[in-house]
Amino acid sequence: MQVLLTGGTGFIGKAALGSLLQRGHRVRALVRDPARLPRSQPEVEAWKGSLADRDSLRGAAAGMDAVLHLAGVIAARSARQYTAVNARGTALLAAECAASAPQARWVQVSSLAATGPGDPVRDDTPPRPVSAYGRSKLAGEQALAASGLRDWVALRPPAVYGPGDAAFLPLFQAAARGQPVPMPAGRLAHISFVFVADLVEAMLASLEAPFLRSGAVYHVAHAQAVSPEQFLEQIAAAVGGRARVLRVPVALPWCAAALLSPLRWLTGWPQYLSLDKVAELTAPAWACDPSGAAADFGWRAATGLEAGIRATARAYAQDGRLALRVPAAT
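Structural data, given as structure tokens:
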């Protein structure tokens, strides 16, 4: 199968690229900078382009059997920047695909944020995103529905962790040092997670499935959601540290985000503790039901949470970013 891959230089995209090649697929990678593609994979065809540049996308999907669309913005200065890439960029690429490869299967890697919080949400739960990021990911799916594509599905993963990730590294480092992790009091009863290798397998399974209903949405996650305390306890066990949660008043992160907001506009930097992010952190739960993926294309998360966290800790230690206080389990 000839696959157009976007986002192939990111955390999830690198893992997807390797798995696509291992499965014998031929990959064309849409990248802004071809030099960022791994030199160890010279068989990958680089297509220099940007989701913000319509002309650079012309011909990108020609001859492709499938599109795996991972590229997107997860931290931005404004809602407009989220929309520019996650919604309008998706619409531009979808229009190119509809014109040059209308038969291609399109797999959209969206987000649980497009659905919104719940305990759990299901594939047919009406979406109610609570952040600009979530709204932009939902708008990307809606752009596909309006594009004329004949065969597309959307995967909505929750928080993704695993080797190569940087977002969860501070939690592992805090556990190794016995430092407390601040969380809003009385919130986030349950959270779903997915290990990066399992998410990649869901992508490939949905690409390769002979028939899926066009426009279908699938949540892909570990079968069981956990509390923040349980997640941190697993991390502490993996690193030989201590899980410490510091519950802070709900008003505190809201105030901090409000005070930091002017810096976003003055500096132009993405704001990771934004009012939108606090809206996500103070939701009652971010849990999802992955049974639809099992029923329709046979996917189930193969990696348990404990095994996934241990693999992640080993990878951090091997990279020199984490000092384990226990021998790395194999």
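Throughout the sequence shown, residue numbering follows my numbering, covering 1350 to 1679 in sequence. The C-beta atom is built at its ideal place from N, Cα and C for all residues, glycine as well. All of these numbers come straight from a predicted model, not from anything done at the bench.
The closest CA to that of residue 1456, considering only 1412, 1653, 1392, 1552, is found on 1552. Residue pairing by DSSP places residue 1544 opposite 1510 in a beta bridge. Taking the Cα positions, residue 1483 is about 12 angstroms away from residue 1506. Secondary structure of residue 1375 (DSSP, three-state): strand.
Residue 1434 sits in a helix when the DSSP states are folded into three classes.
In this chain, residue 1468 is not harboured by any alpha helix (DSSP H); it is covered by the beta strand (DSSP E) spanning 1467-1470. With contacts defined as CB atoms closer than 8 angstroms, residue 1650 and residue 1500 fail to qualify as a contacting pair.
Taking 8 angstroms as the cut-off, the Cβ atoms of residue 1556 and residue 1454 count as close. Positions of the alpha helix (DSSP H) runs, each at least 4 residues long and wholly inside the region 1389-1475, are given as 1403-1406, 1428-1431, 1439-1449, 1461-1464 in order along the chain. Secondary structure note for residue 1661: its alpha helix (DSSP H) is the uninterrupted segment 1654-1667. Shown here, residue 1505 sits in a strand according to DSSP, grouped into three states. Leaving aside the five residues that flank residue 1561 on each side, the residues in its chain whose CB is nearer than 7 angstroms to its CB run, in chain order, 1502, 1555, 1645, 1646.
For residue 1593, the CB contacts under 6 angstroms within the same chain, skipping 5 residues up- and downstream, are 1529 in chain order. Classified as exposed, residue 1596 has fewer than 16 neighbouring CB atoms from the shown chains inside 10 Å of its CB. Under DSSP, residue 1354 forms a beta bridge with 1378, 1417.
Looking at the DSSP output, residue 1596 sits in a beta bridge with 1532. In summary, residue 1467 is buried, with 16 or more beta-carbon neighbours lying within 10 Å of its beta-carbon over all protein chains present.
Counting along the chain, no beta strand (DSSP E) covers residue 1588; the unbroken alpha helix (DSSP H) around it starts and ends at 1577-1588. In its chain, beyond the 5 residues on either side, 1566, 1567, 1568, 1641 have a beta carbon closer than 7 angstroms to the beta carbon of residue 1472.
For residue 1524, the enclosing alpha helix (DSSP H) starts and ends at 1518-1526. Judged by DSSP in its simplified three-state form, residue 1569 adopts coil rather than helix or strand. Here the alpha carbons of residue 1372 and residue 1384 stand approximately 24 angstroms from one another. In the DSSP assignment, the residues bridged to residue 1635 are 1467, 1540.
Using a Cβ-Cβ distance cut-off of 8 angstroms, the region 1519-1527 and the region 1474-1488 are not in contact, since fewer than three pairs of beta carbons, one from each stretch, lie closer than that value.
Residue 1645: member of the alpha helix (DSSP H) spanning 1640-1646, first to last residue.
Residue burial is scored here from C-beta neighbours: residue 1573 has fewer than 16 other C-beta atoms within 10 angstroms and is therefore classed as exposed. Judged by DSSP secondary structure, residue 1483 falls within the alpha helix (DSSP H) whose first and last residues are 1481-1494. Sequence-distant partners of residue 1368 (beyond 5 residues in either direction) whose C-beta falls short of 7 angstroms from its own C-beta, in its chain, are 1549, 1553. Taking a contact to require three or more Cβ pairs closer than 8 angstroms, the region 1433-1440 and the region 1377-1395 do not qualify as touching.
Residue 1402 and residue 1588 have their C-alpha atoms some 44 angstroms from each other.
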